[in-house]
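Inspection log for the structure reproduced underneath, given as structure tokens.
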Amino acid sequence: MLPRIDDGSKSVDMSLEMLTGSMAQGVRSVIFTPHFYADMDSPETFLRRRAESLKRLEDGIRANSLEDQIPEYILGAEVHYFRGMSRSQALEDLTIGGSSYILIEMPFRNWQPQMVDEIMEISRVLGLNVIIAHIERYLDQDRKLVKRLIEDPDILIQSNAEFFIEHRTTRKALKMLTKGQIDLLGSDSHNMTGRAPNLGEAVEIIKAGKAESQLGRIYANGVRIFSSATSEVGDY
Ligand SMILES: [Fe+2]
Numbered sequence: 076m077l078p079r080i081d082d083g084s085k086s087v088d089m090s091l092e093m094l095t096g097s098m099a100q101g102v103r104s105v106i107f108t109p110h111f112y113a114d115m116d117s118p119e120t121f122l123r124r125r126a127e128s129l130k131r132l133e134d135g136i137r138a139n140s141l142e143d144q145i146p147e148y149i150l151g152a153e154v155h156y157f158r159g160m161s162r163s164q165a166l167e168d169l170t171i172g173g174s175s176y177i178l179i180e181m182p183f184r185n186w187q188p189q190m191v192d193e194i195m196e197i198s199r200v201l202g203l204n205v206i207i208a209h210i211e212r213y214l215d216q217d218r219k220l221v222k223r224l225i226e227d228p229d230i231l232i233q234s235n236a237e238f239f240i241e242h243r244t245t246r247k248a249l250k251m252l253t254k255g256q257i258d259l260l261g262s263d264s265h266n267m268t269g270r271a272p273n274l275g276e277a278v279e280i281i282k283a284g285k286a287e288s289q290l291g292r293i294y295a296n297g298v299r300i301f302s303s304a305t306s307e308v309g310d311y
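Heads up, the sequence shown is in the working numbering, so the first residue is 76 and it goes up one at a time.
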């Protein structure tokens, strides 16, 4: 949702539309999670680009007097897996709002046991709470490895709203949610067309799918992350 930082929003105006659109769907808090790739960016340049992007957005919010029409927000990152990441002090700078929570994107190539070991090490060695992004994209990976992540009580599992909305996968998504295998929902919104804010739609599907009782857990996890953020909302 941050403007002109990665493959997401192309402009401040698009970001503002995404934020007011999210608000209209009932979203009250947003975590901005631009992509971080260790092989393409240093943490320092990433953090600087992210701060500049936020500055552009905040100038736009003020210029359009939209303060009351957008959700509160904090900064995070979607950190792509890299070997050795469990020993990287840089990870602490990439957490969500300075909290202990960090969003990690697993590789799309074939998973190896060492990759899952590395993720487990992040909580053990660095003391961080790992959130695995869009679990639905990995369901064709080695089942045992996926299961290790899903069943680890210290790891939170996130899925995108799309997993529920896409007819082909709705049943699977509801089943995983009901089994307690999904802890957080993300919009994965990148723009206002193909990947527009869609959490409201997913919530309606969850209610219609008789999985409404799971929403309390999802909300509580979101609240926990927000309330453990040490940086002030928007204060970067
Ligand atoms: Fe991703």
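For glycine and all other residues, C-beta sits at the position ideal for the given N, C-alpha and C.
Quick caveat, the model's predicted, so the values are computed rather than measured.
If you draw a 10 Å sphere on the C-beta of V200, you find fewer than 16 other C-beta atoms in it, and that means exposed. Between R184 and S140, the alpha-carbon positions lie close to 45 Å from each other. According to the DSSP assignment, N235 belongs to the beta strand (DSSP E) that extends over L231 to N235. Counting along the chain, L178 sits inside the beta strand (DSSP E) bounded by residues Y176 to E180.
Residue I206 holds the alpha-carbon nearest to the alpha-carbon of S234 among D215, P118, I206 and I145. In terms of Cβ geometry, S84 and G172 do not form a close pair [threshold 8 Å].
Shown here, N204 sits in a strand according to DSSP, grouped into three states. No heavy atom of ligand 1 is found nearer than 7 Å to the CB of H265.
Annotation for L220: W186 and V191 place their beta carbon closer than 6 Å to its own, counting only its chain and skipping 5 residues before and after. Remark: the shortest separation between the CB of A208 and any heavy atom of ligand 1 falls under 7 Å.
Of all alpha-carbon atoms in R218, G261 and V87, the one lying nearest the alpha-carbon of A236 is that of G261. The residues I179, E180, M181, P182, M190, E193 and I194, in chain order, have a CB closer than 8 Å to that of Y156 in the same chain once the five nearest residues on each side in sequence are set aside.
Between I240 and E276 the beta-carbon gap is near 5 Å, inside 8 Å, which marks them as a contact.
With a threshold of 7 Å, the Cβ atom of E153 counts as near ligand 1, since some heavy atom of the ligand is closer than that. In this structure, ligand 1 has a non-hydrogen atom nearer than 7 Å to the beta-carbon of E180. For L94, the closest C-alpha among the options F301, P272 and V298 is that of P272.
The beta-carbon distance between M98 and S264, rounded to whole angstroms, is 13 Å. This is too long to meet the 8 Å contact definition. Under the three-state reduction of DSSP output, E133 falls in the helix class. Here DSSP, grouped into helix, strand and coil, assigns S306 to coil. In this structure the region 125-132 does not lie against the region 161-171, because fewer than three pairs of beta carbons, one per stretch, are closer than 8 Å.
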